[in-house]
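Throughout, the working numbering is defined as the position within the sequence shown, counted from one, plus 9. Yeah, the Cβ is synthetic: ideal placement off N, Cα and C, and Gly gets one too. Values in this document were obtained by computation on a predicted structure and should not be read as measured data. This report refers to the structure that appears directly beneath it.
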Amino acid sequence: MTTFDDLLEEAGTFGRCQKRIFALLCLLSVLFSGVYVGIVFQGFTPDHWCRDSAVVERRQACGWSLADSRRLTVPLVNSSGVLQQSSCEQYDVDWNRTGLTCDTQDLDLSGVPVSTCKDAWEYEYEGRKSFVTEFDLVCSDGWLVDMFQSTLNVGFLAGSFAFGYLADRFGRKMSFLMSNILNVISGIVVAVAPNYITILVFRTLLGFGVKGGWMACYVLMTEIVGVEYRRTVGILYQMIFSVGVLILPLLAYFITDWRWLQVTFTVPYVLFLSYYWFIPESPRWLISQKNSAKALEITQAMAKENKMKLTTNFETLTADDDGGDSPSASLLDLIRTPNMRKHTLILMFNWFTSAVVYQGLIMRVGIAGGNVYIDFFISGLVEFPAAFLILFTIERIGRRLPFATANIIAGASCLITAFIPDSMFWFKTVVACIGRLGITMAFEMVVFVNTELYPTFVRNLGVSVCSTLCDVGGIVSPFLLYRLAVIWQELPLIIFGAVALIAGGLVLLLPETRGVPLPETIDEIEFPNRKKENPLENQQTKKLLKSDLTSNKETTSV
């Protein structure tokens with residue numbers, strides 16, 4: 010029986026056709042970065058304080074500086090051991106009755122009672138219009154900024170399940186096109202929404218479509234290349250995300266309105282609809298749907314573009330993993346036996362940790378001070394070595410040690426960065442960038458390590474279940490970052506460092522999978538030292554034993 014891999018060997022495992030499709034689909038990964046981490050610029054929270062209309066009018070009439078009017082409006086408060094002007098309180102004074110004049114900007118207000126902001130806020134950074142400044146999402150409403158990112162991850166979570174089903178039911182290509190239609194509609198509504206509730210609802214729908222389309226592309230790419238190229242293609246596809254991270258600050262520098270920035274993220278999805286004519290459906294999926302004729306037609310077109318020729322008459326095509334006699338997958342299979350349970354819990358925690366730390370470190374750039382554009386660009390630049398380090402080490406050293414080391418480096422860097430004083434700015438930046446490199450490497454490794462630790466019949470289910478913790482981590486991460494930073498700006502780093510160190514230690518409890526065949530049954534997971542029977546070797550051994558017995562009989566008879 011002929012499999013698609015047999016056909017692909019003649020059509021070309023990674024020829025011109027696959028490279029063209031890979032390049033086209035990588036554009037989606039570039040755009041995904043803007044949706045995922047665009048909050049750094051769209052939700053930028055500048056230095057702010059309570060607005061007092063009477064003081065603002067007097068400032069304009071008397072020519073006071075912004076600092077003069079601010080001193081008359083807000084008190085000094087103790088923030089992490091440092092006296093700073095309050096962002097959420099103001100002096101409880103009726104300046105209209107007090108009779109504020111141009112000569113009273115030096116008043117002593119130390120004994121005046123204070124209250125929470127009554128009217129609105131003023132913002133020091135006027136160069137960027139974010140949804141924070143548009144809707145005054147500061148102080149008691151600051152948690153709504155967290156919701157902007159959390160609702161996106163809620164959409165990711167739902168999209169992972171929904172499009173996983175849709176891609177298996179209607180095909181990879183059709184799911185990708187459906188996601189783009191949803192992305193265009195929801196993305197434009199977010200850009201023009203009149204109120205924040207509408208923004209959050211359609212932000213969720215945007216996450217639903219974006220994650221589903223990204224996954225469909227990932228699966229499609231890995232299904233049209235040879236087995237030896239799947240891991241490389243998957244890692245590089247994730248690395249292209251970092252290209253988008255580098256482009257994002259450049260776009261944000263020139264597009265200062267968050268709504269127009271949202272339009273910039275959305276418009277390319279219209280162009281992706283043209284992929285209907287440029288990318289094929291997955292032949293593997295077509296074979297699984299008993300449509301071998303169409304699969305053969307697509308493979309012939311791929312062979313032609315690769316300047317190859319199908320020399321064999323393939324009359325019958327089958328899927329590579331025809332599960333006719335395979336047991337059905339169940340959630341209980343992931344936790345029923347000791348080793349499977351251990352693998353599942355450790356991988357779930359690593360998915361969670363990778364999302365929390367990676368997303369947290371990116372969003373922290375927006376609150377750490379300094380030039381947000383330069384800092385974001387530098388931190389994104391250090392992501393590139395991650396993919397090359399993975400490709401260089403996994404076949405030489407293995408999976409477990411680089412995976413654990415990446416987590417430990419990320420955790421240690423976060424802890425060290427938290428205690429480096431702000432006066433040592435460049436040293437603090439370098440250590441933080443090392444942490445970003447470590448968690449990027451860990452994030453990219455958890456994907457394929459997950460696939461190598463489950464038997465075939467439950468592999469897809471195992472990856473799907475474990476990876477949901479990635480989206481849960483994304484939901485939690487904004488609240489950990491922004492709410493804890495109010496207490497102490499470096500407190501989130503300590504939390505990130507602790508969970509990354511724990512994750513690294515847990516990885517050392519996993520088995521090494523370099524050079525080990527993918528497991529087929531749970532018994533191979535539970536009893537890894539038991540020699541796997543090879544049917545071909547057993548058949549040859551039986552023939553040799555039979556030959557020896559015949560020979561011995563002949564010798565005896567002589």
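Quiz item: Contact check, serine 78 vs valine 65 under 8 Å by CB: the rounded distance?
Solution: Residue mapping note: residue 78 aligns to position 69 of the sequence shown, counting from 1. Residue mapping note: residue 65 aligns to position 56 of the sequence shown, counting from 1. 7 Å between Cβ atoms; contact.
Quiz item: Under 7 Å from any heavy atom of the ligand NAP, does the C-beta of arginine 373 make it?
Solution: Ligands are entirely absent from the displayed structure, and the ligand NAP is therefore not among its contents.
Quiz item: For leucine 515 versus isoleucine 355, is the C-beta spacing smaller than 8 Å?
Solution: One-based indexing of the sequence shown puts residue 515 at position 506. One-based indexing of the sequence shown puts residue 355 at position 346. Contact: yes.
Exercise. Just mark isoleucine 206 as buried or exposed, buried being the case when its beta carbon has 16 or more other beta carbons within 10 Å.
Key: If you number the sequence shown from 1, residue 206 lands on position 197. Classification for isoleucine 206: exposed.
Self-check item: Proximity winner among Phe385, Trp269, Trp58 and Leu424, relative to phenylalanine 140 (alpha-carbon distances)
Solution: Walking along the sequence shown from the start, residue 140 turns up at place 131. Selection Phe385, Trp269, Trp58 and Leu424 evaluated against phenylalanine 140 yields Trp269 as nearest (Cα-Cα).
Quiz item: With a CB to CB cut of under 6 Å and the five nearest residues on each side skipped, what residues in its chain are close to glutamate 314?
Solution: Along the sequence shown, one-based indexing puts residue 314 at 305. If we look at glutamate 314 and ignore the five residues flanking it on each side, its Cβ neighbours are Arg25 and Cys26.
Quiz prompt | Spatial neighbours of glycine 503 in its chain, beta-carbon cut-off 8 Å, leaving aside the 5 residues before and after | solution = To locate residue 503, count along the sequence shown from 1; it is residue 494. Correcting the residue type first, residue 503 is isoleucine in the shown sequence and not glycine. These residues qualify, in order along the chain: Cys423, Leu424 and Ala427.
Self-check item: Three CB pairs or more closer than 8 Å across the region 452-463 and the region 412-423
Solution: In short, these stretches touch, since the Cβ pair count reaches three.
Quiz item: At a cut of 8 Å, does the region 244-263 reach the region 388-395 through at least three beta carbon pairs?
Solution: Two segments are said to touch when three or more pairs of C-beta atoms, one from each, lie closer than 8 Å; by this definition the region 244-263 touches the region 388-395.
Quiz item: Taking the continuous beta strand (DSSP E) assigned at serine 124, which residues delimit it?
Solution: What you label residue 124 is simply residue 115 of the sequence shown in a count that begins at 1. Note, serine 124: beta strand (DSSP E), 123-125.
Exercise. Sort out for me which residues DSSP pairs tyrosine 100 with in a bridge.
Key: One-based indexing of the sequence shown puts residue 100 at position 91. In the DSSP output, where bridge partners are listed per residue, tyrosine 100 has Val123.
Exercise. Please confirm if the region 472-488 is in contact with the region 344-360, defined as three or more CB-CB distances below 8 Å between the two stretches.
Key: Note that the region 472-488 touches the region 344-360; at least 3 beta-carbon pairs, one per stretch, sit closer than 8 Å.
Practice problem: Specify the secondary structure class of lysine 351 as computed by DSSP and reduced to three states. | Solution: Numbered from 1 along the sequence shown, position 342 holds the residue referred to as residue 351. Annotated three-state conformation of lysine 351 is helix, per DSSP.
Practice problem: Give the DSSP-derived three-state secondary structure of glutamate 570 in the structure shown. | Solution: The requested residue 570 does not occur in the structure, where the chain is confined to residues 10 to 567.
Quiz item: Is the beta carbon of alanine 512 sitting closer than 8 Å to the one on leucine 446?
Solution: Within the sequence shown, the letter at position 503 stands for residue 512. Within the sequence shown, the letter at position 437 stands for residue 446. No, the Cβ-Cβ distance between alanine 512 and leucine 446 is not below 8 Å.
Self-check item: Residue interval of the alpha helix (DSSP H) (run including tyrosine 132)
Solution: Walking along the sequence shown from the start, residue 132 turns up at place 123. Tyrosine 132 -> not in any alpha helix (DSSP H); beta strand (DSSP E) instead, spanning 129-132.
Practice problem: Could you tell me whether the region 211-218 touches the region 193-203, where touching means 3 or more Cβ pairs closer than 8 Å? | Solution: Taking 8 Å as the limit for Cβ pairs, the verdict is that the region 193-203 does touch the region 211-218.
Exercise. Leaving out five residues on either side along the sequence, give the residues of the same chain with a beta carbon under 8 Å from the beta carbon of alanine 304.
Key: Locating residue 304 in the sequence shown gives position 295, where the first residue counts as 1. A distance below 8 Å between beta-carbons, with the five flanking residues on each side excluded, links alanine 304 to the following residues of its chain, in chain order: Phe13, Pro292, Arg293, Leu295, Ile296 and Leu326.
Quiz item: Which class does valine 86 belong to by DSSP, given the choice of helix, strand or coil?
Solution: Taking the sequence shown and counting its residues from 1, one reaches residue 86 at position 77. In the structure shown, valine 86 falls within a strand segment according to DSSP collapsed to helix, strand and coil.
Quiz item: How far does the beta strand (DSSP E) with tryptophan 58 in it reach, from first residue to last?
Solution: In the sequence shown, counting from the first residue as 1, residue 58 sits at position 49. Per DSSP, tryptophan 58 is one residue of the beta strand (DSSP E) stretching across 57-60.
Quiz item: Going along the chain, which unbroken runs of the alpha helix (DSSP H) with 4 or more residues stay wholly within the region 17-49?
Solution: Assignment of alpha helix (DSSP H) within the region 17-49, counting only whole runs of 4 or more residues, yields 25-46 in chain order.
Self-check item: Rounded straight-line distance, which links the Cα of threonine 275 to that of glycine 180
Solution: Numbered from 1 along the sequence shown, position 171 holds the residue referred to as residue 180. Numbered from 1 along the sequence shown, position 266 holds the residue referred to as residue 275. Rounded to the nearest whole angstrom, the CA to CA distance from glycine 180 to threonine 275 is 24 Å.
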